[in-house]
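Chemist: Starting off with a structure, shown below.
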Amino acid sequence: MSDSECVCYDDETMKVLILGAKGMLGTDLSKVFADEQPYLLDKEELDITQREEISACFFRLKPDVVINAAAYTDVDGCETNKELAMKVNGEAPGYLAAAAKDAGAIFVHYSTDYVFDGKKSEGYSEKDEPASPKLPLRPRSEASQRGEEQRG
Ligand SMILES: NC(=O)c1ccc[n+]([C@@H]2O[C@H](COP(=O)([O-])OP(=O)(O)OC[C@H]3O[C@@H](n4cnc5c(N)ncnc54)[C@H](OP(=O)(O)O)[C@@H]3O)[C@@H](O)[C@H]2O)c1
Numbered sequence: 081m082s083d084s085e086c087v088c089y090d091d092e093t094m095k096v097l098i099l100g101a102k103g104m105l106g107t108d109l110s111k112v113f114a115d116e117q118p119y120l121l122d123k124e125e126l127d128i129t130q131r132e133e134i135s136a137c138f139f140r141l142k143p144d145v146v147i148n149a150a151a152y153t154d155v156d157g158c159e160t161n162k163e164l165a166m167k168v169n170g171e172a173p174g175y176l177a178a179a180a181k182d183a184g185a186i187f188v189h190y191s192t193d194y195v196f197d198g199k200k201s202e203g204y205s206e207k208d209e210p211a212s213p214k215l216p217l218r219p220r221s222e223a224s225q226r227g228e229e230q231r232g
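Structural data, given as structure tokens:
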């Protein structure tokens, strides 16, 4: 879908699925979309590193919109547990994007200032090159940057 295209849903029929729903962003999004009675899932219900479980979940729930607020956000933890950081922040966005595409759902993934430096006033597009001058070599940046590439 190009930037100028718009998909419209009847509010009563739009099914929104929020992943990482118990986190900071997920909690706020749950309030924003309260009228849509969104599906709210966190790690206990759907671990986003589990590719087959994601596909099965999307097939079952048939969401119109999937919003990914799930992430491994512990910066120090990302250093000691690089493999998990890469799985959650680097690989999982790709699994989610592919499963959302298969399900015909719009996929929304949040970036972070560990990927983009935030200096662009007009906002970032999917075509912008990652730039994380603060902590270019730290695992949180590397994993999230990989996630930007994977989510397509
Ligand atoms: N908060 C902000 O101001 C802000 C600003 C810019 C961008 N963002 C981006 O928004 C996203 C969410 O940030 P946040 O601040 O809301 O983080 P958060 O409070 O740490 O929430 C992340 C949620 O994801 C869950 N989670 C972790 N691993 C998971 C897995 N394998 N499967 C499913 N769920 C998993 C966490 O569960 P556990 O706690 O049980 O691990 C937690 O509920 C991140 O990508 C972040 O970079 C946030």
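The opening residue of the sequence shown carries number 81 in the numbering used here; numbering runs sequentially from there.
Every residue gets a Cβ at the ideal spot worked out from N, C-alpha and C, and that includes glycine.
Which parts of the stretch 123-200 are runs of the alpha helix (DSSP H), unbroken and 4 residues or longer, counting only runs that do not cross its ends?
Modeler: DSSP runs (the alpha helix (DSSP H)) wholly in the stretch 123-200: 131-141, 155-160, 162-165 and 172-183.
Chemist: What residue does the beta strand (DSSP E) around residue 119 start on, and which one ends it?
Modeler: 119-121
Chemist: To the nearest angstrom, report how far apart residue 200 and residue 210 are at their CA atoms.
Modeler: 12 Å
Chemist: For ligand 1, is there a heavy atom less than 7 Å away from the beta-carbon of residue 45?
Modeler: No statement about residue 45 is possible, as the shown extent of the chain runs from 81 to 232 and does not include it.
Chemist: Start and end of the alpha helix (DSSP H) containing residue 110?
Modeler: 104-112
Chemist: Are the CB atoms of residue 164 and residue 134 within a distance shorter than 8 Å?
Modeler: no
Chemist: Flag residue 123 as yes when its Cβ comes closer than 7 Å to any non-hydrogen atom of ligand 1, and as no otherwise.
Modeler: yes
Chemist: Let me know if residue 224 comes out buried or exposed under the rule of 16 or more other beta-carbons within 10 Å of its beta-carbon.
Modeler: buried
Chemist: Rounding to the nearest angstrom, what Cα-Cα distance links residue 33 and residue 160 in this structure?
Modeler: In the structure as shown, the chain starts at 81 and stops at 232, and residue 33 therefore has no counterpart that could be examined.
Chemist: Answer yes or no: the CB of residue 151 versus the heavy atoms of ligand 1, is any distance below 7 Å?
Modeler: yes
Chemist: Within 8 Å, do at least three Cβ pairs link the stretch 124-140 to the stretch 107-115?
Modeler: no
Chemist: Would you say residue 128 and residue 97 are within 8 Å of each other, going by their C-beta atoms?
Modeler: no
Chemist: Rounded to whole angstroms, what's the CA-CA distance from residue 146 to residue 178? Just pull it up for me.
Modeler: One C-alpha to the other measures close to 11 Å.
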